[in-house]
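A quick write-up on the structure given underneath.
Protein chains: 4
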Amino acid sequence: MSKKTTTFKLGNTTIGDGNFAVIAGPCSIESEEQLLSTAQFVKEHGACGLRGGVYKLRTRPGTFQGLGQEAYNYVKVAKEKTKLPFVAEITDPRQVSELYEVCDMFQVGARNMHNYALLKELGKIDKPVLLKRGFAGLISEWIYAAEYIRIEGNNSVALCERGIRTFETAYRNTFDINAIAYIKKHSDLPIIADTSHGTGERELVSPVALGALAAGADGLIVEVHPNPSVAKSDKDQALTFDDFKTLMSNLNTIAKAMGKEITL
Amino acid sequence: MSKKTTTFKLGNTTIGDGNFAVIAGPCSIESEEQLLSTAQFVKEHGACGLRGGVYKLRTRPGTFQGLGQEAYNYVKVAKEKTKLPFVAEITDPRQVSELYEVCDMFQVGARNMHNYALLKELGKIDKPVLLKRGFAGLISEWIYAAEYIRIEGNNSVALCERGIRTFETAYRNTFDINAIAYIKKHSDLPIIADTSHGTGERELVSPVALGALAAGADGLIVEVHPNPSVAKSDKDQALTFDDFKTLMSNLNTIAKAMGKEITL
Amino acid sequence: MSKKTTTFKLGNTTIGDGNFAVIAGPCSIESEEQLLSTAQFVKEHGACGLRGGVYKLRTRPGTFQGLGQEAYNYVKVAKEKTKLPFVAEITDPRQVSELYEVCDMFQVGARNMHNYALLKELGKIDKPVLLKRGFAGLISEWIYAAEYIRIEGNNSVALCERGIRTFETAYRNTFDINAIAYIKKHSDLPIIADTSHGTGERELVSPVALGALAAGADGLIVEVHPNPSVAKSDKDQALTFDDFKTLMSNLNTIAKAMGKEITL
Amino acid sequence: MSKKTTTFKLGNTTIGDGNFAVIAGPCSIESEEQLLSTAQFVKEHGACGLRGGVYKLRTRPGTFQGLGQEAYNYVKVAKEKTKLPFVAEITDPRQVSELYEVCDMFQVGARNMHNYALLKELGKIDKPVLLKRGFAGLISEWIYAAEYIRIEGNNSVALCERGIRTFETAYRNTFDINAIAYIKKHSDLPIIADTSHGTGERELVSPVALGALAAGADGLIVEVHPNPSVAKSDKDQALTFDDFKTLMSNLNTIAKAMGKEITL
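Residue numbers (our numbering), protein chains in the order written: chain A, 7 to 270; chain B, 7 to 270; chain C, 7 to 270; chain D, 7 to 270.
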């Protein structure tokens, strides 16, 4: 028997109710046009949330680190026109209040799964948190990390499997589908699949996303870009608009067979 | 675009033709009754092949190593009554001719992916080979291992993803679903999922099998036992008859939605 | 040819000058008596720095998280009596000024190697930083993490190899001795070995520390406790006073043979 | 307390008696001149055994697979002139009698740690076996693999740590120095370090070898080539003659300080 999943609201959408929620958008916000066109396209094809990097955590200092404040204006326009709730990564406990204004869900990235100062701060707010698994995060540690948030009072937490580091070099990360099935059995938290980072290769993103749905995931977060070849970050793993449209159609087909809906 | 998959026959079933083939049976053959009842049940519910260990490779010398010769008689009975082709593991190049009589497909286990002496011997026969990935086998090495067989003349090879070793200890192995998607794009070989070893936990075997189907696998090999709690090997990961029946029903639902059939 | 190592001062000791520096002390500070007796013992036997956890990062909320403010008083006493510089972990960018008063070297733990907000803050101060490698931190990422500190103006950074996560379960982590040799060849940063975390097993800490010295490490950070069996954290990996004394004697023998000294 | 190590003879040398034995030679035997000049050089500088590939296990079919029979003549010449015992890899249980004539120690490579058919065959002979750890071989499995040999009657087995597969890509493998210390505590088998494969990078081979000695290894097996840049296999990790001479001098210095000798 699986555990009953705790649900929460992202905009008007309920996460964790047995259906499948899709959050999509660019890795980094690069321009108003880029964000808005992507937001409109993914909304039209069934996404219930918009992702987009405001501040980017880059391994190497000196590389593109996001537009920062400038991006907020584009986010406001995109939210206004599409009504999609916005999901952005937070990396510093001192940025919560700044991001709070435009952000409807706070994402904790793989690099910060163990950043307890940040987790505690997110436990004090009234917006949901998407908690990614660390590069070598044990399932047990990941669930405890969620507890660091919940214990402070914020119970709206979803886990996000985004691939782990293994010996295999044919892809950027190894998406751990066992984790999807395991979380459904052993935790009450919703589990979202990030098959963009989980594979790192555009051609693998969609088949693995279908696999995550079939294995029981509560949703998907996926990178989409109008023209991946010129993306300022993660260009190898962003879906094109056409890829995304096909993926949504295939997700829909399998979800329906499983008695689920793609959540709007 | 995916590569066109090379097909071959297992009994009357074509492997790799776009449908989904299920091979099922006990980890070890323990008695005539155990093997026959399992064979009849899995046949009735849609399996196209019977698996069962004759000689078992056990990590620890002195533990149960399979019934050996005695098992052949039970296999003959089960094949006679169910008409299912039989898949057995081979571990020694000197055993090919002995196993050839009862075995319709030779399985090379994870421990022997790099056993080139064995692979070359299997390249000289006219029966299909199921080549499992090593515990830390790189995809590139795995494809080269298949080449060791094919170069000798036997082109009927299917790869089998059975989980890899990672830092995670919540399950026995980490099933690498990326590998399923990657092989479909980059190799012409059919790819079969072994989610029994790929998870090592009964409750994860079925959801991950559904994921493998959705991600594009050509089939599944799965351990089924009349009473897993008394199984002489792999008792934590064997499905019960009821589990198997439910799994086949769910596989069928998703396969149909994808325009595939469970191959008979 | 190895790179020339950048040196810096920890108290009166020069780190990175070709000799071998030993920092020792308890995992967590538990009482004045515990800290002081340990400090005096390790000083007497050749340590040049004192370690001790003030705030502990624990995987599980609700477990012992360090004495916090209370520990500062004990640190002041121990520093006053032994003149050892004090090394403590920092986990929150907002704690820099608080810790600055008692702390002579700031340690960034494995969980925070990728915490760029914290790294940038440490780049603005005038005290040295000990940067541990993440659980699955690539060498390239680790060197870039050090750049996040240096680019802000603080060039006194030492890397600390503390073991990585692998499939092996016989010990807590796998100490990566290749990393010691690699850093000596490819980076100008001093490299310190943490064989307490790198092994997680008391009986392995000392032999692996000797290995790290012979492979070229610039120093060692090691957990020592008056009575490990009652330690509030990391009790399996803390050395006893006797263990530490023997280790220092063996380090001294090998260092001398290599033409190095145990730095005082 | 460490376990008492079981000793055995390799030629006139005792392995496992507390001293340090060095086996050296080329990855593959390429010509009489190459083998003989290497054998003479390593003998002169303190090696007690000669290694050299007769049949090479290569991942990719069609690449150089060793000289086979032709190599035996060169081995005979080298043995005659240097009196060094010869260590060669065996990959097929059917090759034991053929290799027996020239081979004084049989090496089981990482790819065959789990090849129980081969291990059992080696248990029936009266020559020592060097058992390498698999790419993802658990320590417990490795020790059981040795038992497969010993249980048949051959007690002259040494384990060989040759690096494991991890997420790190800066080097070919990650040498697991914890394994050296662990085996000394928990097994009676001698443990030999292979830092050529354990690092895969020439510049790391020697410092990590010194680390292995200091951590308690009973010996070293290392690849040496007259001109690594033209080696037919493993050219990135072979030491030059000069490298080897320097390494032996440094091993000697540390061994002496530890009260050990480089075994002749």
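Using N, Cα and C, we set each Cβ at its ideal position, and we do this for glycine too.
Q.
With a threshold of 8 Å between beta carbons, is F181/A in contact with chain B?
A. By this cut-off, F181/A is an interface position.
Q: Check whether the Cβ atoms of G31/C and G58/C sit closer than 8 Å, and answer yes or no.
A: Their beta carbons are under 8 Å apart, which means G31/C touches G58/C by this criterion.
Q | 8 Å Cβ cut-off: residues of chain C touching K191/D | A | Correct list: E209, L210.
Q: Classify E39/B as helix, strand or coil using the three-state DSSP reduction.
A: Residue state for E39/B is assigned as helix, using DSSP reduced to three classes.
Q: Consider the Cβ of T69/A: report whether some Cβ of chain D lies at a distance smaller than 8 Å.
A: Output row for T69/A: interface = no.
Q. Which residues mark the beginning and the end of the beta strand (DSSP E) in which R171/D is found?
A. Per DSSP, R171/D is not a residue of any beta strand (DSSP E), being assigned neither H nor E.
Q | C-beta contact flag for A221/C and L257/C at 8 Å | A | For the 8 Å CB-CB criterion, A221/C and L257/C do not form a contact.
(Q) Can you tell me which residues form a DSSP beta bridge with K138/B? (A) As a beta-bridge residue in DSSP terms, K138/B pairs with C166/B.
Q: Would you mind stating whether E38/D and V108/D have Cβ atoms separated by less than 8 Å?
A: Not in contact: E38/D and V108/D (Cβ atoms no closer than 8 Å).
**Q.** Under the three-state DSSP convention, the category F181/D falls into
**A.** Coil, per DSSP.
**Q.** I170/B to T201/B span [Cα, whole Å]
**A.** The straight-line gap separating the alpha-carbon atoms of I170/B and T201/B is approximately 11 Å.
**Q.** Coil, strand or helix - G204/A by DSSP
**A.** G204/A falls in the helix class under three-state DSSP.
Q: Find out if the Cβ-Cβ distance for the pair T69/C, A123/A is shorter than 8 Å.
A: In this structure, A123/A does not lie closer than 8 Å to T69/C by Cβ.
(Q) Checking 8 Å against the spacing of the C-beta atoms, do T88/C and A27/C come in under that value? (A) In this structure, A27/C does not lie closer than 8 Å to T88/C by Cβ.
(Q) Is the separation between the beta-carbon of V48/C and that of V211/C shorter than 8 Å? (A) Not a contact, by the Cβ cut-off of 8 Å.
Q. Interface residues of chain A around F112/C at Cβ under 8 Å?
A. Those within 8 Å of F112/C in chain A number zero; the least Cβ separation is about 15 Å.
Q: Could you name the residues of the region 145-174 of chain A whose beta carbon sits closer than 8 Å to any beta carbon of chain D, in the order they occur along the chain?
A: For chain D, the residues of the region 145-174 of chain A that bring a beta carbon within less than 8 Å of one of its beta carbons are R171, T172, F173, in chain order.
Q.
Residues in the same chain with beta-carbon distance under 6 Å from M254/C, minus the five sequence neighbours each way, listed in chain order, please.
A. Cβ neighbours of M254/C beyond the five flanking positions: H51, G52.
Q: Taking only the alpha-carbon atoms, compute the straight-line gap between L16/A and A223/A and give it to the nearest angstrom.
A: The C-alpha of L16/A lies about 17 Å from the C-alpha of A223/A.
Q | S239/A in three-state terms, based on DSSP | A | In this structure, S239/A counts as coil in the three-state DSSP scheme.
Q) What residues of chain B sit near R100/D, judged by a beta carbon separation below 9 Å? A) For R100/D, the C-beta contacts it makes with chain B under 9 Å involve P99, R100, A123, in order along the chain.
Q: Run through the region 100-155 of chain A for me and flag every whole beta strand (DSSP E) of 3 or more residues, listed as ranges in chain order.
A: Whole beta strand (DSSP E) segments, 3+ residues: 111-114, 135-138.
Q. If you follow the beta strand (DSSP E) that K266/C is part of, which residue opens it and which one closes it?
A. First-last for K266/C: undefined, no H or E at that position.
Q) For S34/C, does the three-state DSSP call read helix, strand or coil? A) Look at S34/C here: in three-state DSSP terms it is strand.
Q. Closer than 8 Å, CB to CB, is G222/B near chain A or not?
A. Chain A, which has a Cβ nearer than 8 Å to the Cβ of G222/B, makes this yes.
Q: Locate the beta strand (DSSP E) running through T327/A, then write down its first and last residues.
A: Because residue 327/A is not part of the residues shown, which for chain A are 7 to 270, the question remains open.
Q) What does F47/D pair with, by DSSP beta-bridge criteria? A) Under DSSP, no beta-bridge partner is assigned to F47/D.
Q: Have a look at N79/A, S103/A, L90/A, A152/A and flag the residue whose alpha-carbon is nearest the alpha-carbon of V114/A.
A: With distances taken between Cα atoms, V114/A lies closest to A152/A.
Q. In chain B, which residues lie with their C-beta within 7 Å of the C-beta of G217/A?
A. Neighbours of G217/A on chain B, chain order: I183, G217, A218, A220, A221.
Q | D110/D and V135/D closer than 8 Å at C-beta | A | No, the pair does not count as a contact, with Cβ atoms beyond the cut-off.
Q.
Can you list, in chain order, the residues of its chain with a C-beta nearer than 7 Å to that of M7/B? Leave out the 5 residues immediately preceding and following it.
A. At M7/B, the pLDDT of 47 sits below 50, so the modelled position is not reliable and the matter cannot be decided from this model.
(Q) If I follow the unbroken alpha helix (DSSP H) through A77/D, where does it start and stop? (A) Counting along the chain, the unbroken alpha helix (DSSP H) around A77/D starts and ends at 75-88.
(Q) For the region 232-260 of chain A, list every residue whose C-beta sits within 9 Å of some C-beta in chain B, in sequence order. (A) Of all residues in the region 232-260 of chain A, only N256, T259, I260 come within less than 9 Å of chain B when Cβ atoms are compared, listed by chain position.
Q: State yes or no: is the beta carbon of Y61/D nearer than 8 Å to at least one beta carbon in chain C?
A: Closer than 8 Å: no.
(Q) Can you find the residues in the same chain that come closer than 6 Å, C-beta to C-beta, to V81/C, ignoring five residues on each side of it along the sequence? (A) Cβ neighbours of V81/C beyond the five flanking positions: F92, V108.
(Q) Would you say the beta carbon of A263/C is closer than 7 Å to some non-hydrogen atom of the ligand NAP? (A) You won't find the ligand NAP in this model; it holds no ligand whatsoever.
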